[in-house]
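In the numbering used here, the protein residues as written are 147 to 533. Even for Gly, the Cβ is constructed at its ideal location relative to N, Cα and C. Report on the following structure.
Okay, here's the thing in structure tokens:
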């Protein structure tokens, strides 16, 4: 293994517009690469180390689906179960059909939540969220918010298409119902603690706040919605400090399954390593079974659903139970493995897991509008050229 190309690529990103980045690589359960470039705090010239805490946004989704699949392994649910069996407010749903609102023909299933095929949106500026804020006095606990979301009409009939949305936030609420625990506590007890991820959480304590890297945004003067920015193309902009915070966590009692984790590169790499080792952590604690990892990374989308899954940086990938999964190396232009899986986050976090090679990578920078179309496919190619 030779990681010279990876080190040089990370340096090239911080020479470009990325304030700072870190990466950790595990191969066969051993840490084989660890490197940081640039700054966690541009203003005060504090170097990036991989030990600072960051918001990983949608990289949280990989932990959420893993947490839910632990309950699947215990026989607590089937993927075909209707969502309303766990959250009754989703019993009678309506769908937008042109200018009309019609009653949904199909119930939302738990499979639809895992696979982003439920017909939900990522809009958090709706009457449902305003109602939840009113009911909770601004605290926005997960269950109340989710029950209010159930009142919004769906964008398409459940199962008909793929649409990036709050599905995994709803899935976190299902985990709460089944486990009887707050979602953040469930993940702490069943993923973070077993893997010795002691600096990982959903809501920052004073200690974690003091460890946080500064969060930046590459401001192009246009779209400010961070989910949209995650998919933006390269453009000229200005790096600005956001002052921290996570707009996808609307209240102090909301545990966001879709975007809520605060962690370090070194911590979340341990989680990646466990999935790469088919569920077994580097400390020999198992968090999930090997067969379940195989199910997680199996493409779940049919040809019609794939039409909605059209992000250019994910050409050649299908979508498993909440993760990208490589299905066509030629279409991806990739030197990676079929079945490599993972996801990215709105500020530049990216997790890569390859159980066939027992390879795990967690890379992150901390800048909204993270230039994913540029760095993600290149990063994956450089990683595979290094091992």
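Alpha carbon to alpha carbon, what distance is there between residue j and residue i?
i	j	result
residue 270	residue 318	16 Å
residue 497	residue 215	18 Å
residue 196	residue 167	8 Å
residue 594	residue 244	There is simply no residue 594 to check, as the chain begins at 147 and stops at 533 in what is shown.
residue 339	residue 332	10 Å
residue 473	residue 284	43 Å
residue 452	residue 467	14 Å
residue 306	residue 446	13 Å
residue 531	residue 502	16 Å
residue 415	residue 492	18 Å
residue 440	residue 280	42 Å
residue 240	residue 267	14 Å
residue 304	residue 249	11 Å
residue 483	residue 500	7 Å
residue 258	residue 191	45 Å
residue 357	residue 201	12 Å
residue 163	residue 275	35 Å
residue 458	residue 524	13 Å
residue 157	residue 184	8 Å
residue 298	residue 161	45 Å
residue 350	residue 437	34 Å
residue 385	residue 324	43 Å
residue 442	residue 226	15 Å
residue 354	residue 247	45 Å
residue 479	residue 485	15 Å
residue 347	residue 203	12 Å
residue 465	residue 366	30 Å
residue 235	residue 395	22 Å
residue 291	residue 342	31 Å
When burial is assigned at 16 or more other CB atoms within 10 Å of the CB, is residue i buried or exposed?
i	result
residue 516	buried
residue 448	exposed
residue 488	buried
residue 150	exposed
residue 389	exposed
residue 359	buried
residue 308	buried
residue 147	exposed
residue 199	buried
residue 170	buried
residue 336	buried
residue 506	buried
residue 420	buried
residue 321	buried
residue 433	buried
residue 361	buried
residue 518	buried
residue 495	buried
residue 401	buried
residue 423	buried
residue 610	For residue 610 there is no data in the structure shown, the boundaries of the chain being 147 and 533.
Which of the three DSSP states is assigned to residue i in this structure?
i	result
residue 345	coil
residue 255	strand
residue 503	coil
residue 467	coil
residue 484	coil
residue 148	coil
residue 496	strand
residue 460	helix
residue 352	helix
residue 447	coil
residue 364	strand
residue 359	coil
residue 509	strand
Thinking residue i and residue j are a contact (beta carbons under 8 Å), I'd like their distance in whole angstroms, please.
i	j	result
residue 260	residue 208	In fact, because the Cβ distance is near 12 Å, the residues do not count as touching under 8 Å.
residue 404	residue 312	6 Å
residue 286	residue 399	6 Å
residue 363	residue 514	4 Å
residue 535	residue 288	Because the chain in this structure spans residues 147 to 533, residue 535 falls outside the shown range and cannot be described.
residue 509	residue 413	With 8 Å as the limit, residue 509 and residue 413 do not qualify as a contact, their Cβ atoms being about 14 Å apart.
residue 282	residue 397	7 Å
residue 172	residue 418	7 Å
residue 521	residue 159	6 Å
residue 229	residue 256	6 Å
residue 219	residue 435	6 Å
residue 527	residue 481	6 Å
Do we get a CB-CB distance below 8 Å when we pair residue i with the residues of chain C?
i	result
residue 214	The chain labelled as chain C is not found in the depicted structure, where only one protein chain is given.
_Quick check on the DSSP output: what are the complete alpha helix (DSSP H) runs of length 4 or more inside the stretch 151-233, in order along the chain?_
206-219
*Quick one: complete alpha helix (DSSP H) runs, 4+ long, within the stretch 384-441?*
411-422
*Within the stretch 309-343, note down every full alpha helix (DSSP H) run reaching 4 residues or more, in order along the chain.*
313-325, 329-333
*Let me know the beta strand (DSSP E) ranges lying completely inside the stretch 233-303, each 3 residues or longer, listed in chain order.*
240-243, 246-249
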